[in-house]
Amino acid sequence: MGEKKKLRVVLDTNVLVSALLFKGKLSKIVDLWERGRIIPLISRETFDEFKKVIAYPKFSLTASEIRTIIEENILPFFEVVEANEVIKDACKDRDDDKFLSCAVSARAAYLVTGDTDLLVMKNFKGVKIITPRDFEAMF
12 MGEKKKLRVV LDTNVLVSAL LFKGKLSKIV DLWERGRIIP LISRETFDEF
62 KKVIAYPKFS LTASEIRTII EENILPFFEV VEANEVIKDA CKDRDDDKFL
112 SCAVSARAAY LVTGDTDLLV MKNFKGVKII TPRDFEAMF
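Just so we're aligned: the sequence shown equals residues 12 to 150 in this note's numbering.
Spelled out as structure tokens, the structure:
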């Protein structure tokens, strides 16, 4: 029998930060990418937002800790994609368009988010938009 096709997935910033920093409900997502069950996708724009958010003082991470997270948990596992599919004003919150652009450009199967402005869309150009809970339930 053939190997199961790995799901191509975009994780929004809040899901990604929560999965990496809080060893709770979302840590299963980290396990999925570390075991090669999913291919997490990131673009320059979504990565820039991640770097900005993870450096917020409320997380109390040093520059060295942030670098370690990026070098050990992101770079070895994430596929960096060129977000060449420009999406503008598709979502109520324009800041979320970069996740749609990344997902569509990379031909992702899923965009995993807790953001209601994105979730209400349910599907965008062939990308299913689902909650982390629904995504984890698939495995």
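Cβ coordinates follow ideal geometry from the N, Cα and C atoms, glycine included.
Asked, Found
"Backbone secondary structure at I77 - three-state DSSP", "helix"
"Stretch-stretch touch, CB-based, cutoff 8 Å, three pairs: the stretch 18-25 with the stretch 52-61", "yes"
"Alpha-carbon spacing of L130 relative to I49, whole angstroms", "20 Å"
"Unbroken alpha helix (DSSP H) run spanning E96, endpoints", "Element bounds for E96: n/a, residue is neither H nor E."
"Per-residue burial, M132 [other beta carbons within 10 Å of its own, 16 or more giving buried]", "buried"
"Nearest residue (CA-CA) to G137, options A148, R55 and S112", "S112"
"Among Y67, D128, D145 and L32, the one whose alpha carbon lies nearest that of I85", "L32"
"Per DSSP, the bridge partner or partners of Y121", "V20 and K139"
"Whether K15 touches E147 by CB criterion (8 Å)", "no"
"Boundaries (first-last residue) of the alpha helix (DSSP H) holding I40", "S38 to E45"
"Member of I80, G125 and M149 whose CA lies at the smallest distance from the CA of T142", "G125"
"Counterpart residues of N134 in DSSP-defined beta bridges", "K139"
"Helix, strand or coil at L27 [DSSP, three-state]", "helix"
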